[in-house]
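J.: For what it's worth, full-length UniProt numbering labels the leading residue of the sequence shown as 1, then goes sequentially. Take a look at the following structure, please.
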Amino acid sequence: MSRTATSRVAADRLAWSHLALLPLAVLWLLPIALLLNGALRTSTADIFSLSPSGLTLDNLVAVWRETDLLRMFVNSTVVTLASVAAVVVLGSLAGFGLAYYRFRGSGWCCWSCSPASCSPPPRSSSRSTS
Numbered sequence: 001m002s003r004t005a006t007s008r009v010a011a012d013r014l015a016w017s018h019l020a021l022l023p024l025a026v027l028w029l030l031p032i033a034l035l036l037n038g039a040l041r042t043s044t045a046d047i048f049s050l051s052p053s054g055l056t057l058d059n060l061v062a063v064w065r066e067t068d069l070l071r072m073f074v075n076s077t078v079v080t081l082a083s084v085a086a087v088v089v090l091g092s093l094a095g096f097g098l099a100y101y102r103f104r105g106s107g108w109c110c111w112s113c114s115p116a117s118c119s120p121p122p123r124s125s126s127r128s129t130s
């Protein structure tokens with residue numbers, strides 16, 4: 001095969017892979033579109049309709065005025081930043097200790113931590129009643 005023929009085959013494969021990824025992109029964007037559709041819809045509009053008729057920003061303005069949304073956002077940001085900083089510092093200290101200090105069972109300890117970091121966290125069984 002000549003160089004142009006191989007590059008044409010590679011371009012065809014790339015086009016097919018992009019075409020195969022299109023349904024995944026739609027599947028990923030659909031919940032976001034439905035969320036925006038529901039947030040911008042009036043209370044009298046049909047909730048099962050997918051047409052964007054009767055869209056308004058009144059719902060978002062009402063949420064902003066009736067709740068202290070900015071304060072909640074700042075609180076969440078502060079807690080998140082503090083948690084991430086603590087995890088990074090403690091994880092770095094633990095990683096350094098496990099990597100450089102040899103002790104009985106250090107190999108087992110490193111290998112037992114690796115799969116745990118790849119698994120999803122357990123689902124919480126407590127349910128809120130409010």
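Note that the Cβ used here is the ideal one computed from N, Cα and C, for glycine as well.
1) Report the three-state DSSP secondary structure of Leu-55 (helix, strand or coil).
2) Does the segment 25-33 come close enough to the segment 5-16 that 3 or more CB-CB pairs lie under 8 Å?
3) Spell out a yes or no on whether the segment 75-90 and the segment 51-60 are touching, meaning 3 or more CB-CB pairs, one atom from each, closer than 8 Å.
4) Could you have a look at Arg-102 and say whether DSSP puts it in helix, strand or coil?
T.: Here's the rundown:
1) In the sequence shown, counting from the first residue as 1, residue 55 sits at position 55. If DSSP states are grouped into helix, strand and coil, Leu-55 belongs with the strands.
2) no
3) no
4) Locating residue 102 in the sequence shown gives position 102, counting from the first residue. The answer is coil: DSSP assigns Arg-102 none of H, G, I, E or B.
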